[in-house]
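Input: a single structure, listed below in structure tokens.
Given below as structure tokens:
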């Protein structure tokens, strides 16, 4: 009987997986705590460069094949050398919640974010993170999964845009428009009077 090893499972998983070292983030947290920071949400949102400061402390230990394919990287070296192209813009804002979960001692977090491939294509992702057993204090190993939900989010945005467009036409039409409900005026077929009978 063939037994698949953890390494093979990680490598062959159909979802992008990252093994990351957040011990530098933990050290940064300790500095901020010593300086008197208590509300990490407010502190990070006050200056998003602090989020970038945390992100720069994260070290990538391993990624699987699906991660390289998703982000269009030839190998892990190319991926790590171009993280600034992948994690940028509105990613910093959504990263606040993930950092806050770790700040308050949580060992798991989930969220939605926007990443970019190395060619610049936008990726809507569903992100999940979990601190590996034994690393709760140091944050030395976190397993991160990033699921590509771009198609779903694009459809949702298109639906919202179509709804806004329809509402705009209705509200700004130069002629009178109204909506009527004709359901109340319909009678069941069995109750309609027959011809020649009252």
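Numbering (this note's numbering), first residue to last: 1 to 198.
Glycine included, C-beta positions come from ideal geometry on N, C-alpha and C.
Under DSSP, residue 128 shares a beta bridge with 110, 145. Contact between the segment 128–135 and the segment 62–73 is not established, with fewer than three Cβ pairs separated by less than 8 Å. Where residue 60 is concerned, the enclosing beta strand (DSSP E) starts and stops at 59–63. Three or more beta-carbon pairs drawn from the segment 11–24 and the segment 39–59 are found closer than 8 Å, and the two stretches are therefore classed as touching. Checking the DSSP bridge columns, you'll see residue 18 partnered with 63, 144. Beyond the five residues adjoining it in sequence on each side, residue 16 comes within less than 6 Å, by CB distance, of 66, 67, 70, 146 in the same chain, given in chain order. If you look at residue 76, you'll find it in the alpha helix (DSSP H) that goes 76–81. Contact annotation: residue 44 and residue 141 have beta-carbon atoms that are not nearer than 9 Å.
Taking C-alpha positions only, residue 13 is separated from residue 82 by approximately 23 Å.
At the C-beta level, residue 90 and residue 114 come within 9 Å of one another.
The alpha-carbon separation between residue 88 and residue 116 amounts to approximately 8 Å. Counting other Cβ atoms within 10 Å of its Cβ, residue 50 reaches 16 or more and is therefore classed as buried. Taking a contact as a CB-CB distance under 8 Å, the pair residue 93 and residue 123 does not count as one, their CB atoms being some 16 Å apart.
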